[in-house]
Amino acid sequence: MNLPPLPAGHPEPMTPNARRALGAGMLAAHVALGWGLLQLEPVREAVAEVIPLTVNFIAPPAPAPAPPPPAPVKREPPKLKPTPAPKPVITSAPTPAPQPPAFTAPPAPPEPAPPAPVAAPPAPPAPPAPPAAPPQPKTISISAVEYLTPPVLNYPPAARRAGESGRVTVRVLVDARGLPQQTQVTRSSGFARLDESALATVRATRFKPYMENGQPHAFWVLMPLIFELEE
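Heads up: the sequence shown begins at 946 in my numbering, then just goes up one per residue.
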């Protein structure tokens, strides 16, 4: 903002800086006055009705054209110097490694002589055959029996006085010599005294040996003994 020059008769003209300060102060006073008026509601409404709202769309400036890319510089490939061929290295011939001495297997030990066969001990003699079991005594009839000492029946006196009587059957085993070996009552008289007397009678009897094929044999026999009272 340019201020008019002062009259020529002014004793102290203003310097340019003073003029710029004065202009800026006046502009600030006008802005402050306008802002104060706009704070009043009626003034704000009147200004809004009078001053239309104008919006200017400012197009952005066109971008500057990109500079053209620099032309490629042709570079010649560097010339390679030929590599000299390596000189052959002359080495002395390798010294052959010493060979190990040949291994010679020791001679195999002689096989031991087979042991002499040991004579088998003589077989023990076979045990003698057990003697043949004697034949079982057979039972013969009382009628085939012969006596060296015939049976003598002893009637017990107490049994006689008591009136005891009856028949006793005794089974007796007689050996090959004719001697009674076993006696047993197979039929009782019902009285112990008569049974005991019959057994004693058979034990006291001596028999002739029972011969068969010229050989004496033991035998069983049933001997009936009868006790009767005399009338």
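Ideal Cβ positions, reconstructed from N, Cα and C, are used throughout, including at glycine.
Alpha carbon of K1153 to alpha carbon of G1123, nearest angstrom: Along the sequence shown, read from residue 1 onward, the residue named residue 1153 stands at position 208. Along the sequence shown, read from residue 1 onward, the residue named residue 1123 stands at position 178. Rounded to whole angstroms, K1153 to G1123 spans 5 Å at the Cα level.
Three or more C-beta pairs below 8 Å linking the segment 1110 to 1122 and the segment 1059 to 1066: A contact is defined here as three or more CB-CB pairs under 8 Å, and the segment 1110 to 1122 fails this definition with respect to the segment 1059 to 1066.
Backbone secondary structure at V1000 - three-state DSSP: Here residue 1000 corresponds to residue number 55 of the sequence shown, with the count starting at 1. Bear in mind that a pLDDT of 46 at V1000, under 50, signals an unreliable position, so the number given afterwards is only what the model happens to contain. V1000 falls in the coil class under three-state DSSP.
Option in Q1129, P1101, L967 with minimal Cα separation from T1114: One-based indexing of the sequence shown puts residue 1114 at position 169. Cα-wise, what sits closest to T1114 is Q1129.
Status (buried if at least 16 other CB within 10 Å, exposed otherwise) for T1150: Here residue 1150 corresponds to residue number 205 of the sequence shown, with the count starting at 1. Per the 10 Å Cβ criterion, buried.
Three-state class that DSSP yields for P1052 in the structure shown: Translated into positions along the sequence shown, residue 1052 becomes position 107. Correct three-state label for P1052: coil.
Where the beta strand (DSSP E) through P1102 begins and ends: As a first step, residue 1102 is located in the sequence shown; it is residue number 157 there, counting from the start. No beta strand (DSSP E) holds P1102; the alpha helix (DSSP H) holding it covers 1102 to 1106.
DSSP bridge partner residues for I1087 (one or two, in chain order): For this step, residue 1087 is matched to residue 142 along the sequence shown. Looking at the DSSP assignment, I1087 forms no beta bridge with any residue, so it has no partner.
One or two residues paired with W980 in a DSSP bridge: Within the sequence shown, numbered from 1, the residue matching residue 980 stands at position 35. Answer is none; W980 lacks a bridge partner.
8 Å Cβ shell around I1087 - same chain, five flanking residues per side excluded: For the purposes of this step, residue 1087 is taken as residue 142 along the sequence shown, with counting starting at 1. Excluding sequence neighbours, I1087 sits near V1166, L1167, M1168, P1169.
Contacts around I1085, its chain only, beta-carbon distance under 7 Å, and the 5 residues preceding and following it disregarded: Translated into positions along the sequence shown, residue 1085 becomes position 140. Closer than 7 Å at the Cβ level, and outside the excluded window around I1085, lie Y1155, F1164, V1166.
Endpoints, the alpha helix (DSSP H) within which L1124 is located: Counting from one through the sequence shown, the residue named residue 1124 turns up at place 179. No alpha helix (DSSP H) contains L1124, which DSSP labels as neither H nor E.
G1108 versus L1174: straight-line alpha-carbon distance, rounded: In the sequence shown, counting from the first residue as 1, residue 1108 sits at position 163. In the sequence shown, counting from the first residue as 1, residue 1174 sits at position 229. Looking at the two C-alpha atoms, the distance is approximately 7 Å.
Extent of the continuous alpha helix (DSSP H) run through E1157: Looking up residue 1157 in the sequence shown gives position 212. Careful: E1157 lies outside any alpha helix (DSSP H), inside the beta strand (DSSP E) at 1155 to 1157.
Buried versus exposed, by CB contacts within 10 Å (16 or more), L1139: Within the sequence shown, the letter at position 194 stands for residue 1139. The residue is buried, with at least 16 neighbouring Cβ atoms inside 10 Å.
Reference T1141, options A1089, N962, F1172, closest by Cα: The sequence position of residue 1141 within the sequence shown is 196, counting from 1. Thr is not the amino acid found at residue 1141; the sequence shown has Glu there. If we check each option's Cα against that of E1141, F1172 comes out closest.
CB contact flag (V1147, V1117, <8 Å): Here residue 1147 corresponds to residue number 202 of the sequence shown, with the count starting at 1. Here residue 1117 corresponds to residue number 172 of the sequence shown, with the count starting at 1. Contact flag set, yes.
A977 classed as buried or exposed, judged by whether at least 16 other C-beta atoms fall within 10 angstroms: Position 32 of the sequence shown, counted from the start, is the residue given in the question as residue 977. Around the Cβ of A977, a 10 Å sphere holds fewer than 16 other Cβ atoms; the residue is exposed.
R1132 to Q1081 span [Cα, whole Å]: Residue 1132 sits at position 187 when you count from the first residue of the sequence shown. Residue 1081 sits at position 136 when you count from the first residue of the sequence shown. Whole-angstrom Cα-Cα distance: 24 Å.
Other residues of its chain near A1145: CB distance less than 8 Å, five sequence neighbours each side excluded: Here the question's residue 1145 lines up with position 200 in the sequence shown. Within the same chain, A1145 has close Cβ partners N1099.
Alpha carbon of G1111 to alpha carbon of A1103, nearest angstrom: In the sequence shown, residue 1111 corresponds to position 166, counting from 1. In the sequence shown, residue 1103 corresponds to position 158, counting from 1. Approximately 14 Å between the Cα atoms of the pair.
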